[in-house]
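The sequence shown begins at 36 in our numbering and counts up by one. Backbone N, C-alpha and C define an ideal beta-carbon position, used for all residues, glycine too. Single-structure report; data block below.
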Amino acid sequence: MDEQYDAVILGTGLKECVLAGLMGVAGKKILHMDRNKYYGGESASITPLEEFYTKFNMPKPSANMGRGRDWNVDLIPKFLMANGLLVKLLIHTGVTRYLEFKSVEGSYVFKDNKIHKVPADEKEALASGLMGLFEKRRFRNFLLWVQDFDENDPKTFKDKNPHEPISETYKKFGLDKGTIDFIGHAMALYLNDDYLAQPALETIKRIRLYSESLIRYGKSPYLYPLYGLGELPQGFARLSAIYGGTYMLDKPVDEIVYEDGKVVGVRSGDETVKCKLVICDPSYVPDKVKKVGQVIRAICILNHPIA
Numbered sequence: 036m037d038e039q040y041d042a043v044i045l046g047t048g049l050k051e052c053v054l055a056g057l058m059g060v061a062g063k064k065i066l067h068m069d070r071n072k073y074y075g076g077e078s079a080s081i082t083p084l085e086e087f088y089t090k091f092n093m094p095k096p097s098a099n100m101g102r103g104r105d106w107n108v109d110l111i112p113k114f115l116m117a118n119g120l121l122v123k124l125l126i127h128t129g130v131t132r133y134l135e136f137k138s139v140e141g142s143y144v145f146k147d148n149k150i151h152k153v154p155a156d157e158k159e160a161l162a163s164g165l166m167g168l169f170e171k172r173r174f175r176n177f178l179l180w181v182q183d184f185d186e187n188d189p190k191t192f193k194d195k196n197p198h199e200p201i202s203e204t205y206k207k208f209g210l211d212k213g214t215i216d217f218i219g220h221a222m223a224l225y226l227n228d229d230y231l232a233q234p235a236l237e238t239i240k241r242i243r244l245y246s247e248s249l250i251r252y253g254k255s256p257y258l259y260p261l262y263g264l265g266e267l268p269q270g271f272a273r274l275s276a277i278y279g280g281t282y283m284l285d286k287p288v289d290e291i292v293y294e295d296g297k298v299v300g301v302r303s304g305d306e307t308v309k310c311k312l313v314i315c316d317p318s319y320v321p322d323k324v325k326k327v328g329q330v331i332r333a334i335c336i337l338n339h340p341i342a
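This is the structure:
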């Protein structure tokens, strides 16, 4: 470890691995370290199942769970939009050659104490209990307007102002609260209703992305790596390795070394590696970050589908 590197990257989360891959392609000499035995950091896919149970100090999984190697449990499950920026980046960099994807069979929303499938085509939309007949017509008119909208062509605005709050646009189409909730959270994927006060243009772009992603595969706009989200950082790590990147897992990081206020290296045990730049996830520099919020997650392993 006594070599000089252009950059040392600490943590193998998706952001760190994307940067490692891109810097490797650019000809930079990279050393990538992680204190964990696996790739992915806080968004890893843990396998085997026994490793997952150990991580959370739980007793061993029961025998009826099957072989541990058959499990990949995502710590932070997320879907990929089929036509989103991340998928485009995967294609552009060639990382897709290391990955297999599966189209998600469908998505669901919870309304009026029932679970409803999000319609994926006109036939499903007509049969859906999410909206009444007249509301479906208003919703369809809204979607057609979004589909035809072009921010560079005012003629497509059709007396709507894309710079006014999206709530005003909803009113002009006469949409009810249930439909607005569906559009905002199931299609535009907003976490709360704060977006209602924001310009309509951003919501229009999000709905367009949803629709374009749905068109690509038909059943759902979402893709999922076949062996879990941990495959994404691993794919970029392979890209970096092809271009000479060095990887060390299960490697403790004891100190980021400074001289005259500038980073000059990283120490692990008795070894110190020199570098011009250190990139890391926040957990490696807890004294340099400020906690501004907290997310509580639960991972539920069920023996049956929800719907």
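Burial is judged here by how many other beta carbons sit within 10 angstroms of a residue's own beta carbon; H127 has fewer than 16 and is exposed. In the displayed model, L244 falls within a helix according to three-state DSSP.
Under DSSP, D109 shares a beta bridge with S80.
Between K254 and G141, the CB-CB gap stays under 7 Å. Note that the segment 149-166 does not touch the segment 263-274; fewer than 3 beta-carbon pairs, one per stretch, sit closer than 8 Å.
Between N107 and S80, the C-beta gap is smaller than 7 Å, which places the two residues in contact. For E51, the number of other beta carbons within 10 angstroms of its own is at least 16, and it is reported as buried.
Contact annotation: R273 and Y74 have beta-carbon atoms that are not nearer than 7 Å. F174 is positioned such that its CB atom lies no closer than 7 Å to that of T131. In this structure, M116 places its C-beta atom within 7 Å of the C-beta atom of P256. Straight through space, the alpha carbons of I341 and L110 are spaced by roughly 19 Å.
Membership of V308 in the beta strand (DSSP E) is indicated by the continuous run 306-310. Judged by DSSP secondary structure, T128 falls outside any beta strand (DSSP E) and instead within the alpha helix (DSSP H) spanning 120-128.
Residue pairing by DSSP leaves K95 without any beta bridge partner. When DSSP states are grouped into helix, strand and coil, E135 belongs to the coil group.
Judged by DSSP secondary structure, T281 falls outside any alpha helix (DSSP H) and instead within the beta strand (DSSP E) spanning 281-283. With 16 or more neighbouring CB atoms inside 10 Å of its own CB, C310 falls in the buried class.
Membership of R273 in any beta strand (DSSP E) is not indicated; the residue belongs instead to the alpha helix (DSSP H) covering 266-277. In this structure, the CA atom of W180 is about 18 Å from the CA atom of D216. Leaving aside the five residues that flank H198 on each side, the residues in its chain whose CB is nearer than 6 Å to its CB run, in chain order, P234.
Residue pairing for M68: DSSP places it in a beta bridge opposite L45, M283. Contact check for L258 and F136: beta-carbon distance about 5 Å, within the 8 Å limit, so the pair qualifies. With contact defined as three or more Cβ pairs closer than 8 Å, the segment 313-326 and the segment 42-56 are in contact. The Cβ atoms of Y143 and K152 sit closer than 7 Å to each other.
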